[in-house]
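Visitor:
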Amino acid sequence: MPVRSLLLRLAGLLAVLFGVSLIIFTLTYLAPGDKAMAIAHARYPDAMGFAPEILEGIRQEFHLNAPFHMQFLHWLGGFVTGDFGLSYASGAPVWDIFIDNLGETATLALAALTLGLVAALVLSSLAVWHVGGWVDRLAIILASVGAAMPGFWLGLLLILFFAAQLNWLPAYGTGTAAHLVLPALTLAFWVMASQTRLLRTFMLEAYGLPFIETLRLRGVSEREIFLRHVLRHASIPALTMIGLDLAGLLEGAVIVELTFSRGGLGALLAGSVLARDFPMVVFLVMFFAVAYVTINSVIEIVQDAVDPRSRAGGAAAARKSGAQA
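Everything in the sequence shown is counted per the numbering used here, starting at 1081 for the first residue and increasing by one.
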């Protein structure tokens, strides 16, 4: 990929992140209530009232008396340099709290992505091998249901069946591999639905290409055609959707973690909102935004690198430019 294209992508990424940071900070700035009072209640939960001197000291400590643009620039400068501030609720560094909770969410997202991709690959492969059969119809039904079903509702159904009725798995909590199963299945079902529809479509498209019949006439086995040509053709556009799914899993984990009372970024975000812990809320929202934009940018770069059509298009453009020069 040309350096100029990479620089343009990077500039666009920074512009998007700056806009997101400005919107998030503006919303927290305009939130109703006295932030100094919220911080004081978080620090001294047993206190009934606070002296004006205490509240004024908190305002000075967190620069709450400064105008909006000064507060934003102070926060943005710290964010860029790696100083994400202190939690209003605990007084601990926001980064330390984030790191303590990141592992649970990352584990859940990666487990769900792995399970979902494996299920989608198996289901879509069986569907294209038996087009129009019951397996194909089942794949279409599961994909449609998975796309329409809310994650929290599926989670509640899994809790009702596997935890309440069969008593096979724990319904809530964190700590063992058994606690990961139901939340991972909840998110994996959504991944399976999106990937099954995509893979099935592009596999069928690949089987309809003229060179597939040529390979058959040459005596190439169906297994080799599928593994070396059909699957490769379908995997290139699927890369983009995998990136979207991974970014979506980080956000979807918020709801699932609350449904299953798990530790992680979801529970941390919900607790921070209720506690009006704005530094923590702003950082978490920024993290999700950065993760979403970065993952998609990386996937686009990888897709351009592995897609022969993109390379051919870039080479043709380069030759045309050279000829004009």
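Positions of the beta carbon are idealized from the N, C-alpha and C atoms, including for glycine.
Given the structure is predicted, the values throughout are model-derived calculations rather than measurements.
#1: If you check the beta carbons only, do Trp1270 and Gly1171 fall under 8 Å apart?
#2: Taking a contact to mean a Cβ-Cβ separation below 8 Å, would you say Leu1265 touches Leu1153 in this structure?
#3: Kindly give me the distance between the Cβ atoms of Trp1248 and Phe1242, rounded to whole angstroms, as I take these residues to be in contact under 8 Å.
#4: For Trp1175, which residues in the same chain have their Cβ closer than 6 Å to its Cβ, ignoring the five residues on either side in sequence?
#5: Near Phe1358, what residues of its chain come up, given a Cβ to Cβ distance below 6 Å and the 5 sequence neighbours on each side ignored?
#6: Tell me the start and end of each unbroken alpha helix (DSSP H) in the stretch 1101–1158 that is at least 4 residues and wholly inside, in chain order.
#7: Are the Cβ atoms of Phe1105 and Val1362 separated by less than 8 Å?
#8: Would you identify the three-state DSSP class for Ala1195, choosing helix, strand or coil?
#9: Taking Cβ to Cβ, would you say Ala1122 is nearer than 8 Å to Tyr1168?
#10: My output table needs one value for Leu1249: the three-state DSSP class, helix, strand or coil.
#11: Just to confirm, does Val1225 get its C-beta within under 7 Å of one of the non-hydrogen atoms of the ligand ATP?
#12: Measure the alpha-carbon distance for Leu1364 versus His1309 and round it to whole angstroms.
#13: Taking Cβ to Cβ, would you say Val1286 is nearer than 8 Å to Ala1257?
#14: Any contact between the stretch 1365–1372 and the stretch 1315–1322? By contact I mean 3 or more CB pairs, one from each, below 8 Å.
#15: Could you name each continuous alpha helix (DSSP H) segment of 4 residues or more that falls completely within the stretch 1162–1240, going from the start of the chain to the end?
#16: Using a 10 Å radius around the Cβ and a threshold of 16 neighbouring Cβ atoms, would you call Trp1214 buried or exposed?
#17: If contact is defined by three or more beta carbon pairs under 8 Å, each pair taking one atom from either stretch, is the stretch 1290–1298 in contact with the stretch 1214–1230?
#18: In this structure, how does DSSP classify Leu1260 when only helix, strand and coil are distinguished?
#19: In terms of residues, what are the limits of the alpha helix (DSSP H) holding Leu1338?
#20: Rounded to the nearest angstrom, how far is the Cβ of Thr1276 from that of Leu1203, given a contact under 8 Å?
#21: Where does Phe1269 sit, in a helix, a strand or coil, going by DSSP?
#22: Whole-angstrom Cβ separation of Leu1237 and Leu1188, contact assumed at under 8 Å?
#23: Taking all protein chains shown into account, decide if Arg1342 is buried (16 or more other Cβ within 10 angstroms of its Cβ) or exposed.
#24: Where does Ile1322 land, buried or exposed, given buried means 16+ other C-beta within 10 angstroms?
#25: Flag this pair as yes or no: are the beta carbons of Ala1199 and Met1283 separated by less than 8 Å?
#26: For Ala1410 versus Leu1329, is the C-beta spacing smaller than 8 Å?
#27: Residues in the same chain with beta-carbon distance under 6 Å from Ala1118, minus the five sequence neighbours each way, listed in chain order, please.
#28: For Ile1179, count the other beta carbons within 10 Å of its own beta carbon; 16 or more makes it buried, fewer makes it exposed. Which is it?
#29: From Met1150 to Leu1324, what does the alpha carbon distance come to, in whole angstroms?
#30: Give a yes or no on whether the C-beta atoms belonging to Glu1299 and Thr1185 are separated by under 8 Å.
#31: Find out if the Cβ-Cβ distance for the pair Gly1351, Val1334 is shorter than 8 Å.
#32: Under a three-way DSSP split, which group does Val1365 fall into?
#33: Alpha carbon to alpha carbon, how far is Ala1223 from Leu1088? Give it in angstroms, no decimals.
Guide: Reading off the structure:
#1: Walking along the sequence shown from the start, residue 1270 turns up at place 190. Walking along the sequence shown from the start, residue 1171 turns up at place 91. In this structure, Trp1270 keeps its C-beta atom at 8 Å or more from the C-beta atom of Gly1171.
#2: Locating residue 1265 in the sequence shown gives position 185, where the first residue counts as 1. Locating residue 1153 in the sequence shown gives position 73, where the first residue counts as 1. The answer is no: Cβ separation not under 8 Å.
#3: Mapped onto the sequence shown, residue 1248 falls at position 168. Mapped onto the sequence shown, residue 1242 falls at position 162. For a cut-off of 8 Å, the C-beta gap from Trp1248 to Phe1242 is around 5 Å, short enough to register as a contact.
#4: Taking the sequence shown and counting its residues from 1, one reaches residue 1175 at position 95. Around Trp1175: Phe1164.
#5: Here the question's residue 1358 lines up with position 278 in the sequence shown. Only Thr1108 meet the Cβ criterion.
#6: Secondary structure within the stretch 1101–1158: the alpha helix (DSSP H) runs of 4 or more consecutive residues, fully enclosed, are 1115–1123 and 1132–1141 (chain order).
#7: Against the sequence shown, residue 1105 aligns to sequence position 25. Against the sequence shown, residue 1362 aligns to sequence position 282. For Phe1105 and Val1362, yes; Cβs fall inside 8 Å.
#8: The residue labelled residue 1195 in the question sits at position 115 within the sequence shown. Ala is not the amino acid found at residue 1195; the sequence shown has Leu there. In the structure shown, Leu1195 adopts helical secondary structure according to DSSP, grouped into three states.
#9: In the sequence shown, the residue the question calls residue 1122 occupies position 42. In the sequence shown, the residue the question calls residue 1168 occupies position 88. Yes, the pair counts as a contact, with Cβ atoms nearer than the cut-off.
#10: For this step, residue 1249 is matched to residue 169 along the sequence shown. Of the three classes helix, strand and coil, the one that applies to Leu1249 here is coil, per DSSP.
#11: This structure lacks the ligand ATP; in fact it carries no ligand of any kind.
#12: In the sequence shown, counting from the first residue as 1, residue 1364 sits at position 284. In the sequence shown, counting from the first residue as 1, residue 1309 sits at position 229. Each residue's alpha carbon lies about 42 Å from the other.
#13: What you label residue 1286 is simply residue 206 of the sequence shown in a count that begins at 1. What you label residue 1257 is simply residue 177 of the sequence shown in a count that begins at 1. Before going further, note that residue 1286 is Ala rather than Val in the sequence given. Not in contact: Ala1286 and Ala1257 (Cβ atoms no closer than 8 Å).
#14: When Cβ pairs closer than 8 Å are counted between the two stretches, the stretch 1365–1372 is seen not to touch the stretch 1315–1322, the count staying below three.
#15: Counting only runs of 4 or more, we get 1174–1209, 1214–1228 and 1231–1238.
#16: The residue labelled residue 1214 in the question sits at position 134 within the sequence shown. Result: exposed.
#17: Short answer: they don't touch.
#18: As a first step, residue 1260 must be located in the sequence shown, where it is residue number 180. Helix.
#19: Translated into positions along the sequence shown, residue 1338 becomes position 258. Counting along the chain, the unbroken alpha helix (DSSP H) around Leu1338 starts and ends at Leu1311 to Thr1339.
#20: Here residue 1276 refers to the residue found at position 196 when the sequence shown is read from its first residue. Here residue 1203 refers to the residue found at position 123 when the sequence shown is read from its first residue. Sure, about 5 Å apart at Cβ, within 8 Å.
#21: Within the sequence shown, the letter at position 189 stands for residue 1269. When secondary structure is reduced to three states using DSSP, Phe1269 falls in the helix class.
#22: Here residue 1237 refers to the residue found at position 157 when the sequence shown is read from its first residue. Here residue 1188 refers to the residue found at position 108 when the sequence shown is read from its first residue. Not quite, the Cβ-Cβ distance comes to about 18 Å (not below 8 Å), so this is no contact.
#23: Indexing the sequence shown from 1 puts residue 1342 at position 262. With a 10 Å radius around the Cβ and a threshold of 16 neighbouring Cβ atoms, Arg1342 comes out buried.
#24: Numbered from its first residue, the sequence shown carries residue 1322 at position 242. That one is buried.
#25: On the sequence shown, residue 1199 is found 119 positions in, with the first residue counted as 1. On the sequence shown, residue 1283 is found 203 positions in, with the first residue counted as 1. Contact flag unset, no.
#26: Given that the chain is displayed from residue 1081 to residue 1405, the structure contains no residue 1410 and the question cannot be resolved.
#27: Indexing the sequence shown from 1 puts residue 1118 at position 38. Contacts found: Arg1356.
#28: For the purposes of this step, residue 1179 is identified with residue 99 of the sequence shown, where counting begins at 1. Exposed, because fewer than 16 other Cβ atoms sit within 10 Å of the Cβ of Ile1179.
#29: Looking up residue 1150 in the sequence shown gives position 70. Looking up residue 1324 in the sequence shown gives position 244. Looking at the two C-alpha atoms, the distance is approximately 35 Å.
#30: Here residue 1299 corresponds to residue number 219 of the sequence shown, with the count starting at 1. Here residue 1185 corresponds to residue number 105 of the sequence shown, with the count starting at 1. A small correction: the amino acid at residue 1299 is Gly; Glu does not occupy that position in the sequence shown. No, they are not a contact pair.
#31: Here residue 1351 is taken as the residue at index 271 of the sequence shown, counted from 1. Here residue 1334 is taken as the residue at index 254 of the sequence shown, counted from 1. No.
#32: Indexing the sequence shown from 1 puts residue 1365 at position 285. Helix, per DSSP.
#33: Against the sequence shown, residue 1088 aligns to sequence position 8. Against the sequence shown, residue 1223 aligns to sequence position 143. Distance between Leu1088 and Ala1223, taken at the CA atoms: about 36 Å.
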